[in-house]
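Participant: Top line first, the protein sequences correspond to chains E and R.
Position one of the first sequence corresponds to residue 9 (my numbering), numbered consecutively onward.
Position one of the second sequence corresponds to residue 9 (my numbering), numbered consecutively onward.
Ideal Cβ placement from N, Cα and C applies to all residues, glycine included.
Here the structure is a predicted model, which means the values were calculated and not measured.
2 protein chains.
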Amino acid sequence: MEGIDNLKYADMQPKAVRALIRKGEIDWNTSGMCAGYAQANLVVLPKKYAYDFLLFAQRNPKSCPVLEVGDTGSRALRHIAKDADIAKDLPKYRIYEKGILTGEYTDVSGFWRDDLVVFLIGCSFSFESALLDADVPVRHIEEGKNVPMYTTDIDCVPAGVFSGKMVVSMRPIPRGKVVRSVTVTASMPRVHGSPIHIGDPSAIGIRDINKPEFGDAVTINEGETTVFWCCGVTPQSVMMNSKPDFVITHAPGHMFITDIKNNDLKD
Amino acid sequence: MEGIDNLKYADMQPKAVRALIRKGEIDWNTSGMCAGYAQANLVVLPKKYAYDFLLFAQRNPKSCPVLEVGDTGSRALRHIAKDADIAKDLPKYRIYEKGILTGEYTDVSGFWRDDLVVFLIGCSFSFESALLDADVPVRHIEEGKNVPMYTTDIDCVPAGVFSGKMVVSMRPIPRGKVVRSVTVTASMPRVHGSPIHIGDPSAIGIRDINKPEFGDAVTINEGETTVFWCCGVTPQSVMMNSKPDFVITHAPGHMFITDIKNNDLKD
Chain E
9 MEGIDNLKYA DMQPKAVRAL IRKGEIDWNT SGMCAGYAQA NLVVLPKKYA
59 YDFLLFAQRN PKSCPVLEVG DTGSRALRHI AKDADIAKDL PKYRIYEKGI
109 LTGEYTDVSG FWRDDLVVFL IGCSFSFESA LLDADVPVRH IEEGKNVPMY
159 TTDIDCVPAG VFSGKMVVSM RPIPRGKVVR SVTVTASMPR VHGSPIHIGD
209 PSAIGIRDIN KPEFGDAVTI NEGETTVFWC CGVTPQSVMM NSKPDFVITH
259 APGHMFITDI KNNDLKD
Chain R
9 MEGIDNLKYA DMQPKAVRAL IRKGEIDWNT SGMCAGYAQA NLVVLPKKYA
59 YDFLLFAQRN PKSCPVLEVG DTGSRALRHI AKDADIAKDL PKYRIYEKGI
109 LTGEYTDVSG FWRDDLVVFL IGCSFSFESA LLDADVPVRH IEEGKNVPMY
159 TTDIDCVPAG VFSGKMVVSM RPIPRGKVVR SVTVTASMPR VHGSPIHIGD
209 PSAIGIRDIN KPEFGDAVTI NEGETTVFWC CGVTPQSVMM NSKPDFVITH
259 APGHMFITDI KNNDLKD
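1) With H, G and I counted as helix, E and B as strand and the rest as coil, what does DSSP make of R:A167?
2) Just grab the DSSP bridge partners of E:V125 for me.
3) Three Cβ pairs or more, each shorter than 8 Å: is that satisfied between the region 229–244 of chain E and the region 202–214 of chain E?
4) Which residue's Cα is closest to the Cα of R:L63: R:A167, R:T227, R:K274 and R:A95?
5) Are three or more beta carbon pairs between the region 49–62 of chain R and the region 117–126 of chain R nearer than 8 Å?
6) Is the Cβ of R:Y59 closer than 8 Å to any Cβ of chain E?
7) Quick one: Cα of R:M20 to Cα of R:A89, how far?
8) Measure the beta-carbon distance from R:V144 to R:I108 and round it to whole angstroms, keeping in mind my assumption that it falls under 8 Å.
9) Scan the region 33–67 of chain E for residues whose Cβ lies nearer than 7 Å to a Cβ of chain R and list them as they occur along the chain.
10) Find the residues of chain E that neighbour R:P220, judging by a C-beta separation of less than 9 Å, and give them in chain order.
11) My output table needs one value for E:M263: the three-state DSSP class, helix, strand or coil.
12) Among all the DSSP beta bridges, which residues are the ones paired with R:T233?
13) Mark E:M9 as exposed unless 16 or more other C-beta atoms lie within 10 angstroms of its C-beta, in which case mark it buried.
14) Here's the rule I'm using: 16 or more other beta-carbon atoms within 10 Å means buried, otherwise exposed. How should R:N218 be labelled?
15) Threshold first: 4 residues or longer. Then list the alpha helix (DSSP H) segments lying entirely within the region 17–90 of chain R, N to C.
16) Quick test of your reading: R:Y101 and R:H258, contact by CB under 8 Å. State the CB separation rounded to the nearest angstrom.
17) Using 8 Å for Cβ pairs, my map puts R:G240 next to R:I129. What's the rounded Cβ distance?
18) Going by DSSP, which residues form a beta bridge with E:M157?
19) Got a sec: is the Cβ-Cβ distance from R:E10 to anything in chain E below 8 Å?
20) Pick out whichever of R:V169, R:S177 and R:R147 has its Cα sitting closest to the Cα of R:T160.
21) Under 8 Å between C-beta atoms, does R:V77 make it to chain E?
22) By DSSP, does E:G118 sit in helix, in strand, or in coil?
23) Going by DSSP in three states, R:H205 sits in which element: helix, strand or coil?
24) Relative to the C-alpha of R:D141, which candidate in R:K185, R:P99 and R:R83 has its C-alpha closest?
25) Excluding five sequence neighbours on each side, which residues of the same chain lie with their C-beta closer than 6 Å to the C-beta of E:S137?
26) Does the Cβ of E:G172 have 16 or more other Cβ atoms within 10 Å, making it buried, or fewer, making it exposed?
27) Give me the Cβ distance between E:G207 and E:P156, rounded to the nearest whole Å; I'm assuming they're in contact under 8 Å.
28) Any idea what DSSP makes of R:L109, helix, strand or coil?
29) Quick one: grab the DSSP three-state call for E:V186.
30) Using DSSP bridges, identify the partner residues of E:K269.
Quick look at the structure:
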């Protein structure tokens with residue numbers, strides 16, 4: 009049902025959809041809205057954690073490709089969206105305190121503080137549309153599911169208080185198109201870029217490919233290879249592991265819709 | 009003469025050359041040493057400036073592509089060099105206080121403090137060897153000069169206390185090879201990546217192409233186009249503009265030689 013609703017918003021401009029979200033008229037996932045425009049993962053942290061998190065992102069660029077960092081205390085953005093209010097323009101937020109999810113909200117302006125710093129992180133929605141344009145199938149879209157995501161045994165490079173295991177997403181790719189799936193996504197390093205692993209799931213600590221920790225299992229056909237990309241859930245997993253006092257994130261699938269096109273992420 | 013001396017070090021391993029530098033046996037520029045290995049620009053700042061500078065780098069990735077950030081107070085590195093002592097392993101350092109160059113040193117261990125943070129930034133030496141491998145001529149190397157560098161009228165994106173104009177390097181490229189110069193360097197975003205401008209110098213505020221602010225003027229032949237890349241001198245220019253209390257940098261051309269190959273910067 010959400011997918012059908014969202015078709016109505018595919019051809020709208022990001023600013024117009026953000027306005028509907030801000031008014032509370034959209035409170036569901038943003039999948040498929042504003043076709044061609046990049047959507048972003050959100051992490052908001054108190055300034056005392058901002059250096060460690062920015063350093064974590066620098067040390068783990070495939071997991072945490074930073075699209076923009078706000079000025080301390082600011083809910084506005086300079087580059088990826090005009091006239092945005094980051095505390096109101098996502099359809100659903102989560103607040104974690106000391107690693108525990110303490111609530112979901114459609115507006116976090118009441119929680120805003122002068123010491124909060126906004127981080128927006130690239131999202132695989134951008135490279136999925138590039139894969140489809142290149143005739144590489146994306147199974148979870150075909151099956152109307154969420155992408156399957158797995159916690160690996162790969163340690164992120166720690167930075168200050170932040171550490172944790174890398175989370176990856178998986179797409180089964182027909183063997184003849186695996187190379188193309190690499191080249192297409194490699195051209196978009198700001199949205200996770202090339203795969204982190206191709207083939208045997210157990211090589212990166214995944215025990216059962218049919219039991220993802222996040223999202224949904226998808227069909228893997230004979231003749232297809234499992235291909236794994238770094239995933240924007242990694243920072244949320246790291247927050248749960250590292251337990252900062254206070255953090256705001258988007259709710260999974262409820263992304264920030266930017267004014268920049270996916271194609272602009274190819275430089 | 010330096011160039012001739014440096015040929016002796018072209019086939020040595022980085023660790024061995026760093027050991028000679030640490031002992032004080034090499035105190036000149038590192039151009040051509042350890043062929044195939046990446047060299048890096050150095051910026052060392054007190055922790056109180058580290059977030060602003062890391063944010064500046066994030067907002068200006070073509071000027072300041074960060075290869076590694078050290079842990080606060082540490083002179084060691086985790087990724088781009090093993091057993092390095094960042095306070096001793098560069099042949100020449102500069103110290104700036106409140107934007108003023110107060111000294112040049114071959115060892116800065118006596119100035120080290122527990123609050124200093126090391127930033128290593130990609131260097132165009134890496135993409136120049138890729139250009140030569142692709143049969144794109146590099147004029148200042150042919151002429152035995154330093155690359156010509158210019159301050160543009162392009163503002164870097166400011167971050168906290170740091171702001172300033174972008175500095176670019178220029179290489180004259182035969183018209184038939186301009187496209188190749190773009191594709192070769194675009195594949196190396198961690199060492200400045202693709203050009204920032206192709207053609208008319210005045211379009212980016214350069215008044216006289218024969219009078220670079222840094223480095224040397226080079227010959228521009230009939231049939232060649234001036235091609236401009238972001239330059240690792242930008243952070244030093246920003247330090248002089250923004251005047252932090254204390255900063256250590258490399259002396260121009262006296263780079264840190266890493267253990268990673270230029271080819272490893274292509275992911």
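Facilitator: Result, derived from the coordinates:
1) In the three-state reduction of the DSSP assignment, R:A167 falls in the strand class.
2) Answer is E:L53, bridged to E:V125.
3) When C-beta atoms of the region 229–244 of chain E are compared with those of the region 202–214 of chain E, three or more pairs fall below 8 Å, so the two segments count as touching.
4) Shortest Cα-Cα distance from R:L63 to any of R:A167, R:T227, R:K274 and R:A95 involves R:A167.
5) Taking one beta carbon from each stretch, the region 49–62 of chain R and the region 117–126 of chain R have 3 or more pairs nearer than 8 Å; the two touch.
6) Among the CB atoms of chain E, one or more fall inside 8 Å of the CB of R:Y59.
7) In this structure, the CA atom of R:M20 is about 15 Å from the CA atom of R:A89.
8) Contact between R:V144 and R:I108 does not hold, since their C-beta atoms are separated by about 39 Å, which reaches or exceeds 8 Å.
9) Closer than 7 Å at the C-beta level to chain R, one finds these residues of the region 33–67 of chain E: A58, Y59, L62, L63 and Q66.
10) When 9 Å is used as the limit between beta carbons, R:P220 is near no residue of chain E, the shortest such separation being about 26 Å.
11) It is coil, neither helix nor strand.
12) R:I181.
13) In this prediction, E:M9 scores a pLDDT of 39, lower than 50, which makes its location untrustworthy; the coordinate-derived value is nonetheless stated afterwards. Exposed, because fewer than 16 other Cβ atoms sit within 10 Å of the Cβ of E:M9.
14) Burial call: exposed.
15) As far as the region 17–90 of chain R is concerned, its whole alpha helix (DSSP H) runs of at least 4 residues are 22–30 and 55–67.
16) Yes, R:Y101 and R:H258 are in contact; Cβ-Cβ is about 6 Å, under 8 Å.
17) At roughly 6 Å, the Cβ-Cβ gap stays under 8 Å, so R:G240 and R:I129 are in contact.
18) Under DSSP, E:M157 takes part in a beta bridge, and its partners are E:S177 and E:F222.
19) Interpretation of R:E10 is limited by its pLDDT of 45, a score under 50 that renders its predicted location unreliable; the figure taken from the coordinates is listed afterwards. R:E10 does not count as touching chain E.
20) Of R:V169, R:S177 and R:R147, the residue nearest in Cα terms is R:S177.
21) Output row for R:V77: interface = yes.
22) DSSP places E:G118 in helix when its eight states are reduced to three.
23) The answer is strand: DSSP assigns R:H205 an E or B state.
24) Among R:K185, R:P99 and R:R83, the Cα nearest to that of R:D141 belongs to R:K185.
25) By the criterion of a C-beta distance shorter than 6 Å, E:S137 is surrounded in its chain by N270, once the five residues flanking it on both sides are discounted.
26) It counts as buried.
27) The C-beta separation of E:G207 from E:P156 comes to about 16 Å, leaving the pair out of contact by the 8 Å criterion.
28) Three-state result, R:L109: strand.
29) Here E:V186 sits in helix by DSSP.
30) Beta-bridge pairing links E:K269 to E:Y45.
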